[in-house]
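For reference, the structure is listed below as structure tokens.
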Amino acid sequence: MDVDVDNILTTLGPWKRYQILQLFYVGFIHMFGGAYTVLVYVFIGYQPPHHCSNFTQSIHTYGIPSYINESQVIVHYSQCDITVYSNGTNMTSEKWTLPCVNGYTYENTAKTFVSEWNLVCTSAGLGELTQTFLAAGQCVGAMLFASMADRFGRKPILMSSHLGLFTINTASFFIPSYTIFAISRLLLGALQQGVAIVLSTILLEMFPKQSRGTIGALLSVFWTVSVMSITAFGYGLRNYSWRYIQLAAGLISVHSLFGYWLIDESFRWLIANKKTDDAIKVAKKIARINKVNVNQVLSIISSQQPMRELAVPRSEPIDEFSDVRENEPSEEIESADLIENTTDSTPSVVQQYTLLDILKSSILLRNSIILWFAW
């Protein structure tokens with residue numbers, strides 16, 4: 019028979035100390051880094067009120083004819099151009115329209131990257147374009163990191179993605195140009211999906227199937243709280259330059275420097291990939307923290323043969339792709355015997371699965387198209 023992972027997780031205590039601590043750290047704390055990466059643009063990229071800076075030299079140096087008396091002109095400084103009106107006494111008047119030859123004057127003293135690089139008027143779309151780069155990065159990251167998490171494990175992909183968020187967000191404090199900033203937003207979008215998708219997967223796999231609705235609801239609550247908190251974050255830093263706001267958003271993820279030692283690999287993923295010795299270590303740790311009889315858990319694992327290894331395993335073990343074999347449990351279970359019993363079996367044929375397999379199933383393809391369109 020296949021390993022009944024849900025039975026093991028239930029025996030370990032699905033809502034005890036270990037799971038609650040992991041839910042708080044992986045689901046709640048990690049959520050802030052992902053949310054702030056997406057939403058910090060509201061504070062660093064808005065367009066403050068502005069107008070063309072005043073002339074600093076004679077109007078004639080800006081192309082106004084020399085016969086125009088400077089004392090008889092009216093200069094109007096608007097957002098994107100300067101209009102010069104002549105006010106002569108001969109009942110004639112002339113008008114000249116000039117670009118903002120001396121740059122722009124912004125009403126707010128705190129700079130955004132829009133005001134620092136003058137992304138206004140003819141360059142106004144470049145500010146919003148950085149969010150388009152972020153969305154493009156999310157599209158790539160969602161496909162890339164989901165597959166990598168299936169192949170290499172949930173834990174390394176989650177932590178490396180969040181470490182990437184921390185590094186790029188904090189390094190953005192030193193970005194010298196718009197081009198580099200736009201590239202950084204593309205990378206941040208990809209890494210943000212590496213965090214968001216994998217943290218959801220690792221938490222859903224940590225609990226029995228009957229608890230998944232609750233976990234999904236809690237993840238929505240965590241996201242909502244992180245989004246609401248950014249208002250207080252922005253208000254507290256309202257008088258600071260966008261660079262300091264970006265730096266503060268990056269420091270939200272400082273826990274990623276040591277987070278690798280705070281979480282464990284998905285027990286379900288380890289079982290699906292026949293990493294029995296690692297699965298036993300995780301089970302023992304959970305049993306110790308939850309104060310559960312570890313021998314009872316090991317007995318369940320020993321009495322069942324793991325599914326055959328998949329080169330690119332699904333997030334959920336699929337019965338159709340499992341080898342069926344049953345071992346008789348020994349009367350007294352020891353870790354060494356358990357590993358020997360589960361790792362000495364004859365290797366089964368490895369079958370690889372990729373994103374293209376979605377195209378082979380009409381149901382998967384239909385559901386995927388609906389989700390892609392919704393996003």
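Basically the working numbering = 1-based index in the sequence shown + 18. For each residue, glycine too, the CB sits at the ideal point set by N, CA and C.
Through-space distance from residue j to residue i, alpha-carbon basis
i: Asp168; j: Leu288; result: 11 angstroms
i: Asn126; j: Tyr36; result: 48 angstroms
i: Tyr95; j: Leu144; result: 23 angstroms
i: Ile248; j: Ser238; result: 16 angstroms
i: Glu146; j: Ser271; result: 25 angstroms
i: Ala189; j: Gln314; result: 49 angstroms
i: Arg203; j: Leu152; result: 5 angstroms
i: Ile198; j: Ile186; result: 11 angstroms
i: Val310; j: Ala200; result: 51 angstroms
i: Val243; j: Gln97; result: 38 angstroms
i: Val102; j: Ser111; result: 10 angstroms
i: Lys292; j: Arg286; result: 10 angstroms
i: His48; j: Leu217; result: 8 angstroms
i: Tyr196; j: Lys302; result: 51 angstroms
i: Ile376; j: Asn257; result: 49 angstroms
i: Ile281; j: Ser133; result: 41 angstroms
i: Trp390; j: Gly52; result: 20 angstroms
i: Ile30; j: Val23; result: In the sequence as presented, Ile is not what sits at residue 30; that position holds Leu. Computed Cα separation, rounded: 11 angstroms.
i: Gly182; j: Trp279; result: 17 angstroms
i: Thr74; j: Val60; result: 34 angstroms
i: Leu137; j: Leu206; result: 21 angstroms
i: Gly45; j: Phe240; result: 7 angstroms
i: Ser178; j: Asp295; result: 24 angstroms
i: Ile82; j: Trp114; result: 7 angstroms
i: Ile26; j: Thr232; result: 19 angstroms
i: Trp393; j: Gln156; result: 11 angstroms
i: Phe184; j: Gly268; result: 5 angstroms
i: Ser193; j: Ser84; result: Correcting the residue identity first, residue 193 is Ile in this sequence and not Ser. Taking the straight line joining both Cα atoms gives about 44 angstroms.
i: Ala235; j: Phe42; result: 14 angstroms
i: Gly304; j: Met166; result: For clarity, residue 304 is Ile in the given sequence; the question names Gly instead. Going by the C-alpha atoms only, they are around 25 angstroms apart.
i: Ala128; j: Thr150; result: 24 angstroms
i: Ala297; j: Ile388; result: 36 angstroms
i: Gln40; j: Thr123; result: 50 angstroms
Simplified DSSP assignment, three categories, for residue i
i: Thr115; result: strand
i: Thr140; result: helix
i: Leu316; result: helix
i: Thr188; result: helix
i: Arg256; result: coil
i: Val58; result: coil
i: Leu280; result: coil
i: Pro174; result: helix
i: Ser195; result: coil
i: Phe225; result: coil
i: Tyr262; result: helix
i: Thr148; result: helix
i: Phe73; result: coil
i: Asn308; result: helix
i: Tyr43; result: helix
i: Gly234; result: helix
i: Ser321; result: coil
i: Asp295; result: helix
i: Ile201; result: helix
i: Gly182; result: helix
i: Val21; result: coil
Residues near residue i by beta carbon distance below 6 angstroms, same chain, minus five either side
i: Gly159; result: Ala208, Gln211, Gly212
i: Gly121; result: Ser71
i: Ser10; result: One cannot answer for residue 10 here, as it falls past the ends of the chain, which runs 19 to 393.
i: Cys139; result: Cys98
i: Glu88; result: Ile77
i: Cys118; result: Cys70
i: Ala164; result: Ile215
i: Ile100; result: Cys70, Leu116
i: Gly252; result: Phe61
Beta-bridge pairing of residue i - partner residues as DSSP gives them
i: Tyr80; result: In DSSP, Tyr80 forms no bridge with anything.
i: His68; result: Tyr124
i: Val102; result: Val93, Trp114
Neighbourhood of residue i by C-beta distance below 7 angstroms, restricted to the same chain and skipping five residues each side
i: Lys34; result: Asn308
i: Thr130; result: Ile62, Gly63, Tyr64, Pro66, Trp260
i: Pro32; result: Phe225, Pro226, Ser229
i: Ile92; result: Tyr103, Asn105
i: Ser379; result: none
i: Gln264; result: Val58, Ile62, Asn187, Ser190, Phe191
i: Trp135; result: Tyr196
i: Tyr80; result: Phe73, Leu116, Val119
i: Leu383; result: Ile376, Leu377
Close Cβ partners of residue i (< 8 angstroms) along its chain, the five nearest in sequence each way excluded
i: Met161; result: Leu373
i: Ala245; result: Per the sequence shown, residue 245 should be read as Val rather than Ala. Excluding residues within five positions, the ones whose Cβ falls inside 8 angstroms are Ala53, Leu57.
i: Ser386; result: Ile376
i: Leu176; result: Val44, His48, Ala167, Gly212, Val213, Val216, Leu217, Ile220, Ile281
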